[in-house]
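Data block below; observations after.
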Amino acid sequence: MAELPDAGPTKGAPTTPATDVYPRKILEYMEGFLISKTVFTSCELGVFDVLLAAERPLSAEEISQAVGASLDGTQRLLAACAGLQLLNTHWDNGQVFYSNTEQSRVFLTRSSPLSLCQSIQYSSRTIYLCWHYLTDAVREGRNQYEKAFGVSSKDLFQALYRSDEEMVKFMHLMNSIWNICGRDVVTAFDLTPFKVICDLGGDFFKDSLPVADLYILARILHDWTDERCIELLCRIYKACKPGGAVLLVEALLNEDGSGPLTAQLYSLNMLVQTEGRERTGAQYAALLAASGFTNIQHRLTGKIYDAVLGHKET
Ligand code: ASE
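Residue numbering for the sequence shown follows the working numbering, starting at 2 and increasing by one per position.
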């Protein structure tokens with residue numbers, strides 16, 4: 002495909018070693034969305050749920066009937082899922098049968114306590130549509146709700162919650178990741194000194210804040226500009242008991258911006274979907290310090306979300 006032409010041996014120059022010029026990574030990235038869409042569609046049709054209920058490997062015919070889809074389409078989808086190692090194949094008399102892999106059963110079935118189906122649905126129905134306008138988002142430096150959904154983006158949460166259904170979908174998205182990353186972020190620091198803990202949600206720019214020893218801001222600041230973050234943190238600082246603290250839960254970027262890739266991509270997502278960005282530990286520390294907090298520390302978890310703790314002096 003994109004093999005370089007063979008220049009042949011050059012007189013006098015040392016022979017170059019035969020390098021692999023097949024652009025494996027670029028091809029993988031170019032078509033990465035094919036994988037995303039295969040997963041989205043399999044979850045939306047309920048392929049993994051049908052296999053969970055069956056408790057034995059099923060043929061493509063059985064699965065296509067159970068999910069109400071064409072046989073030909075289902076056969077191709079199942080083959081791709083097997084290629085992605087999301088389904089096991091079992092051969093019997095020249096016929097193929099499918100079953101869930103362990104990971105599919107735990108994370109891709111709707112009834113599982115660790116299900117990611119809600120996140121996948123939000124990716125499929127909202128994030129994917131916003132990313133259609135990533136080029137515009139980069140050019141304009143702002144989110145793309147008006148183009149993607151025809152709603153004004155003046156008030157961020159009016160756009161994010163553009164219908165009750167959309168609000169519920171977003172809540173499910175926000176919730177489902179804590180089954181996977183929650184324990185690590187709440188155990189990153191010793192929180193036992195804090196008796197009254199407030200997990201901040203709602204209209205926290207307007208509503209009066211409850212008095213507490215610890216405020217948790219999980220994936221809140223990444224929605225907002227530095228100015229809005231400081232405005233919110235100052236409100237929390239005022240409400241916070243002396244000796245209390247604020248815990249930020251965010252996907253931290255390396256100090257030099259060199260990674261992790263997930264945080265870099267999430268920062269692009271904050272561009273297409275919000276008014277914010279992902280930040281480094283030092284950037285969050287600066288926001289906390291500007292709002293009065295001291296003794297600021299951060300801890301990496303090795304998963305998506307990390308923790309930053311800032312204190313209010315006694
Ligand atoms: C927000 C979090 C998210 C606002 C919009 C969002 C997420 C997706 N859309 O506070 C979760 C993080 N995932 C990504 C891809 O950014």
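Where is the CB? At the ideal position from N, CA and C, for every residue including glycine. Only a predicted model underlies this, so the values are computations on that prediction, with no experimental measurement involved.
### Message
Buried or exposed, going by whether 16 or more other CB atoms sit within 10 Å of the CB of Tyr-306?
### Response
buried
### CB contact flag (Ser-43, Val-97, <9 Å)
no
### Query
Quick one: what's got a C-beta closer than 6 Å to Asn-392's C-beta in the same chain, skipping five residues either side?
With the chain covering only 2 through 315, there is no way to say anything about residue 392.
### Message
Per the DSSP calculation, Leu-254 is bridged to which residue(s)?
### Response
Thr-281
### Query
Whose CA, out of Leu-215, Leu-210, Ser-209, lies closest to the CA of Thr-193?
That would be Leu-215, whose Cα lies nearest to the Cα of Thr-193.
### Query
By DSSP, does Ala-55 sit in helix, in strand, or in coil?
helix
### Message
Quick check: does the Cβ of Phe-171 come within less than 8 Å of any heavy atom belonging to ligand 1?
### Response
Residue side-chain check: Phe-171 places its Cβ nearer than 8 Å to a non-hydrogen atom of ligand 1.
### Query
In its own chain, which residues sit with a C-beta less than 8 Å from the C-beta of Pro-261, not counting the 5 before and 5 after it?
Its chain contains Ala-252, Leu-254, Asn-255 as the residues whose beta carbon lies nearer than 8 Å to that of Pro-261, once the 5 sequence neighbours on both sides are disregarded; these appear in chain order.
### Message
For ligand 1, I want to know if Met-168 counts as a neighbour, meaning its beta carbon is within less than 8 Å of at least one of the ligand's heavy atoms.
### Response
For ligand 1, not one heavy atom lies less than 8 Å from the Cβ of Met-168.
### Query
What's the gap between the Cα of Glu-63 and the Cα of His-91?
14 Å
### Reduced DSSP secondary structure (H/G/I, E/B, other) of Tyr-216
strand
### Message
Quick check on the burial criterion: 16 or more other C-beta atoms within 10 angstroms. Buried or exposed for Tyr-30?
### Response
exposed
### Task
May I ask you to verify whether the segment 68-77 touches the segment 138-152, counting CB pairs closer than 8 Å and requiring at least 3?
Touching, no, given that fewer than three Cβ pairs across the two stretches are closer than 8 Å.
### Same chain, Cβ closer than 7 Å to Glu-166, neighbours up to 5 away in sequence not counted
Scanning its chain for C-beta atoms nearer than 7 Å, with the 5 sequence neighbours on each side dropped, one finds no residue around Glu-166.
#### Entry: Per DSSP, the bridge partner or partners of Ile-178
Ile-178 is not bridged to any residue.
### Query
Based on Cα-Cα distance, which residue from Asp-191, Arg-229, Ala-189, Asp-185 lies nearest to Phe-205?
Arg-229
### Query
Span of the beta strand (DSSP E) holding Leu-269?
Premise fails: Leu-269 lies in the alpha helix (DSSP H), 262-274, not in any beta strand (DSSP E).
### Buried versus exposed call for Phe-294 [16 or more other C-beta atoms within 10 Å across all chains shown]
buried
### Message
Spatial neighbours of Leu-88 within its chain, please: C-beta separation below 6 Å, excluding the five flanking residues on both sides.
### Response
Cys-82, Tyr-99
### Task
Using the DSSP secondary-structure output, state which residues sit across from Arg-111 in a beta bridge.
The partner list for Arg-111 (beta bridge, DSSP) is empty, contrary to what the question assumes.
### Task
Closer than 8 Å by C-beta to Gln-159: which residues in its own chain qualify, once you throw out the five before and the five after it? Chain order, please.
Val-152, Ser-153
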